[in-house]
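To start, the structure under review is shown below, and the notes come after it.
Chains as they are written, first to last, in my numbering: chain A, 1 to 415; chain B, 1001 to 1415.
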């Protein structure tokens, strides 16, 4: 099915909220074999919401609207959907009563009157149970396809989509065909070089199709095959994947949801090892990524953010002579930090980073200079990088580079 | 001016990239007194890009397109703009030569042929210099308003917008009127309670207008006044701001770009104090936020991510008896962590967090349970929270809660 995603909320247009819902829905819809026609984001203005839903229905088979279902006066999605469908607004007495009871038992006070708005819905719409909040989702069939409304709060939207909307969309789609998506994750080559190496495959593409996606220093290669059955779709993608891997070699580090941090977890768990990290200029971002996936406590001991130079000495035991002799941003200091964090946190493997995020140089070290160290049972290794861009970009790219340095070491060290 | 923002890129629709550019542009356009009509995101398909630009021009005074200006075969923005304007494609020989020379001097090899695409542009378009990359921006005047194209890479897009596009848009707008925007930042009350307290102001609104925006546990209240002059616009917003502050009291913690981390920096710097943080379940997110703003090295010493229980003892010196007696997720342990991180990192103030992010409980402690500790010259304080939601949401909300606990202490402690 072709699905259009419409986000409602003036805060999106003002840039006070980033539209992460559209990305999340896009990924989930593609997984289920649907295609997203386009995203729209419109303000809390009745006519704009109506126009966006109409445009979506005119070019897609279904429209999903996020946001505008809350209890406040600028929550207008219910009325807009009713207008598009040419129906009135109904009130669910039962739901209003349950809402009131739940609020009383929880807060011991009366439900704010505005919350009763959540008991309203377009006539003929089905209410979809929200397991994480009070605003239900809505499903309204129209001659041009279903209009589906979900709350804008991400966890509520995600739970409702997964539990209620995805199964219904699959049923409505009833498509006999299948779609197979493979994402190859690469690190270490610029986008234009990857493009040159794969350029002639691009020429012959169509189905299967191929696209390059750059993000935070990694390049993803997305392959899609479409055919009558899952087996046929996989057979379309298989040879293309093999060809890409042959041309790029070890630049391809993972596939599909094998992010660098997940692969690090796998590499550590396979050997029964743990890791600790020592960061300065990334300020906690490496540790946040390492501890992101569930189950992180099995392999991550923790680590130190040694932002002030003296803390590198006090907390990690880096020798002051080393810092005076080589400078705080140097490979010997990075290596000493990696060794120190192993001792301090009782880990098997240590990862470290020291550098200058900017803006502007620190002493005579230019912004973007980064030294990475890895220490562990297989020895030590260090590396110096010069990263372009502003403070925030340098911090993100440096964290990615450090995680890849660690993954590379884990893959080369004997088990 | 009314401006429409169009993002180009199949990766956006597939959810592999989040459309942060739209949010960034929205915030900057509003700052300059423009209004954003809507966002659209469309795939790398010629007809869809053309339709999106046409729709934008039909309802806005200018269209900004991001993405699709790179060197690969699925970069189609140049051709789409030419089609909308009914012009051909021109080739800039000079630019191509400079591109080639720069590549040779930097990489010592020939420019990949595909990169010459970046020397193409719609006839009549002005090329805008990209200070951070090779793809220039484009500005093409049409009878329906200017079409502006910017690269999709965020730092390049941001630099080009700031240097080249914003000043031109202000000139084109030439509007005599002014817009004054105030954002009041609140923490500690749920959205529906804030809405109830301010509900009757909503009734009378229009100009000045008011909206509530929820993000990661904070609620922002945006006030906008529009008038002939900046002074008149400010005079519209002033009394409304005073009324909101009177009704919400200390729940309002900051204004405009006074984020909680910036206010912590200010509070510390004013007393000449430094801070260190000890985190477990937030895994580095608190430290990342504390070290985010430039100048963080003046007030942040660093901190420890003590993910494994034993590291709380080894690194921070938390007494094992305390952990055995009260459990690792407890206020006494949080306080001991805050005191320990002060000692270990040589800071004046310590912030700590210990909890369970989930999924699922840890021992007999339920997911979402969080203890926060603050220690410093004004004494110690601790607090226990129960946060709803999934692992990622719990981690983000817990970090926000911890930062507010610290800000609250800084504001109450005598200087």
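C-beta: ideal position from N, C-alpha, C; glycine also.
As the structure is a computational prediction, the values presented were derived from the model and not from experiment.
Note the first and the last residue of the continuous beta strand (DSSP E) segment covering residue i.
i, result
"residue 1254(B)", "1252 to 1255"
"residue 184(A)", "178 to 187"
"residue 146(A)", "145 to 150"
"residue 227(A)", "218 to 227"
So, at 8 Å on beta carbons, what are the nonlocal neighbours of residue i in its own chain, with the 5 sequence-adjacent residues on each side left out?
i, result
"residue 53(A)", "6, 63, 65, 80, 81, 84 and 147"
"residue 93(A)", "119"
"residue 1361(B)", "1367"
"residue 1048(B)", "1042"
"residue 1145(B)", "1057, 1060, 1061, 1062 and 1063"
"residue 269(A)", "298 and 299"
For the alpha helix (DSSP H) that residue i lies in, which residues bound it at each end?
i, result
"residue 326(A)", "320 to 326"
"residue 419(A)", "No answer is possible for residue 419(A): the residues shown for chain A start at 1 and end at 415."
"residue 91(A)", "Element bounds for residue 91(A): not the alpha helix (DSSP H) but the beta strand (DSSP E), 89 to 91."
"residue 1011(B)", "1010 to 1013"
"residue 1246(B)", "1230 to 1248"
"residue 1158(B)", "1154 to 1160"
"residue 26(A)", "20 to 31"
"residue 1082(B)", "1077 to 1085"
"residue 1267(B)", "1260 to 1271"
Could you give the DSSP three-state label for residue i: helix, strand or coil?
i, result
"residue 1404(B)", "helix"
"residue 1138(B)", "strand"
"residue 1210(B)", "strand"
"residue 1329(B)", "coil"
"residue 309(A)", "helix"
"residue 1132(B)", "coil"
"residue 1117(B)", "helix"
"residue 347(A)", "coil"
"residue 172(A)", "helix"
"residue 492(A)", "Nothing can be reported for residue 492(A): it is not among the residues displayed for chain A, which extend from 1 to 415."
"residue 1067(B)", "coil"
"residue 167(A)", "helix"
"residue 1036(B)", "strand"
"residue 1062(B)", "strand"
"residue 315(A)", "coil"
"residue 196(A)", "helix"
"residue 57(A)", "helix"
"residue 47(A)", "helix"
Is the beta carbon of residue i less than 8 Å from the beta carbon of residue j?
i, j, result
"residue 1387(B)", "residue 1363(B)", "no"
"residue 1340(B)", "residue 1317(B)", "yes"
"residue 264(A)", "residue 385(A)", "no"
"residue 1096(B)", "residue 1004(B)", "no"
"residue 441(A)", "residue 365(A)", "With chain A covering only 1 through 415, there is no way to say anything about residue 441(A)."
"residue 1(A)", "residue 165(A)", "no"
"residue 182(A)", "residue 248(A)", "no"
"residue 1244(B)", "residue 1274(B)", "no"
"residue 1019(B)", "residue 22(A)", "yes"
"residue 1220(B)", "residue 158(A)", "no"
"residue 187(A)", "residue 251(A)", "yes"
"residue 1374(B)", "residue 1351(B)", "yes"
"residue 1353(B)", "residue 1259(B)", "no"
"residue 1163(B)", "residue 1131(B)", "yes"
"residue 112(A)", "residue 1192(B)", "yes"
"residue 40(A)", "residue 1405(B)", "no"
"residue 1035(B)", "residue 1149(B)", "no"
Taking 6 Å as the limit between beta carbons, can you name the residues of its chain near residue i, skipping five residues before and five after?
i, result
"residue 1071(B)", "1114, 1115, 1117 and 1118"
"residue 1225(B)", "1180, 1208, 1233, 1236 and 1237"
"residue 89(A)", "82 and 120"
"residue 1217(B)", "1397 and 1400"
"residue 267(A)", "410"
"residue 347(A)", "274, 275, 276 and 301"
"residue 380(A)", "335"
"residue 415(A)", "271"
"residue 230(A)", "178"
"residue 10(A)", "43 and 44"
Would the beta-carbon of residue i be found less than 7 Å away from any heavy atom of the ligand NAD?
i, result
"residue 1061(B)", "The ligand NAD is absent from the structure shown, which contains no ligand whatsoever."
In chain order, which beta strand (DSSP E) runs of at least 3 residues are fully inside the region 277 to 309 of chain A? 300 to 306
3-residue-minimum beta strand (DSSP E) runs that sit fully inside the region 333 to 400 of chain A, ordered along the chain: 349 to 355, 369 to 376 and 379 to 386
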